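A short write-up of the structure that comes next.
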Amino acid sequence: MKFSRSLVAMSAGLALFGLSSCSLGDSSAGDGGADGGSPTSAAQGSGLESFDPCTFFKPDELTSYGVSTQAKDFTQVSFQPGCSWDGERLSVALQKNADDTVESLEKGGSYDEFTRINVAGRDSARMIVAGGTGTGGCITVVPAGGGIVLYQLSGYMRDSVADPCGEIEKIAGQTASRLPA
2 MKFSRSLVAM SAGLALFGLS SCSLGDSSAG DGGADGGSPT SAAQGSGLES
52 FDPCTFFKPD ELTSYGVSTQ AKDFTQVSFQ PGCSWDGERL SVALQKNADD
102 TVESLEKGGS YDEFTRINVA GRDSARMIVA GGTGTGGCIT VVPAGGGIVL
152 YQLSGYMRDS VADPCGEIEK IAGQTASRLP A
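Under our numbering, the first residue of the sequence shown is numbered 2, with each subsequent residue one higher.
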């Protein structure tokens, strides 16, 4: 029962984050190419245009995180495409968003936690969506290519990952230098 409550709470929180981002992003945001439509003007001018979150991690990195090397689509809103990788006790997801910045998220969202941090020399943020505290998940937001990249960790049970924010920040710290400038 604890598994399903934690997973449902984190999934709901991530979906709410995606929906709250709708009000933050470019109001003319199209499909961003997620479903074959034409990318938004922000995405076209962004260094994120050719960045593929689904092929970003190396197979040995994924196995070291305890997740599969098989990517699954994790596009909850069209302007924030990404993928996730599942393991026995957690999943890791990576998404890109050419419309938002760390600053726009900080000003426009409702969070249990939004803390500025430094990841690989970039002014980033630790974020727990509203209602997400204690559910085993955390998001690290890193500026990249004129937008942001979201690293997300979701533990399948509250206690399956002792420090979800610390774990996802470690992953971001090890890989963010490869993100578009």
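No residue lacks a Cβ here, since even glycine has one placed at the ideal position from N, Cα and C. Just so you know, these numbers come straight off a predicted model, no measurement behind them.
{"Check": "Let me check one thing: in DSSP terms, what residues is residue 179 bridge-paired to?", "Outcome": "Paired residue(s): none; residue 179 is not in a bridge."}
{"Check": "Is it right to say residue 138 is buried, meaning 16 or more other beta carbons lie within 10 angstroms of its own, or is it exposed?", "Outcome": "buried"}
{"Check": "Cβ of residue 150 within 7 angstroms of Cβ of residue 97?", "Outcome": "yes"}
{"Check": "Suppose contacts are defined by Cβ-Cβ distances below 7 angstroms. Is residue 113 in contact with residue 133 by that definition?", "Outcome": "yes"}
{"Check": "Taking DSSP as the reference, what is the three-state secondary structure of residue 102?", "Outcome": "coil"}
{"Check": "Below 8 angstroms on the Cβ atoms is my guess for residue 126 versus residue 49; work out the distance and round it to an integer in Å.", "Outcome": "Between residue 49 and residue 126 the Cβ distance is about 17 angstroms, and since that is not below 8 angstroms, they are no contact."}
{"Check": "Would you grab the beta carbon distance between residue 157 and residue 91 for me? Rounded to a whole angstrom, and I think it's under 8 angstroms.", "Outcome": "6 angstroms"}
{"Check": "Classify residue 133 as helix, strand or coil using the three-state DSSP reduction.", "Outcome": "coil"}
{"Check": "With C-beta atoms as the reference, is residue 120 less than 7 angstroms away from residue 72?", "Outcome": "no"}
{"Check": "Cutting at 8 angstroms between CB atoms, please list the residues of its own chain near residue 162, excluding the five before and the five after it.", "Outcome": "90, 91, 137, 154, 156, 168"}
{"Check": "Between the C-alpha atoms of residue 63 and residue 173, what's the straight-line distance to the nearest angstrom?", "Outcome": "12 angstroms"}
{"Check": "Just the C-alpha distance for residue 152 and residue 93, rounded to the nearest angstrom, thanks.", "Outcome": "7 angstroms"}
{"Check": "Would residue 75 and residue 85 qualify as a contact pair, given that the criterion is a beta-carbon distance under 7 angstroms?", "Outcome": "yes"}
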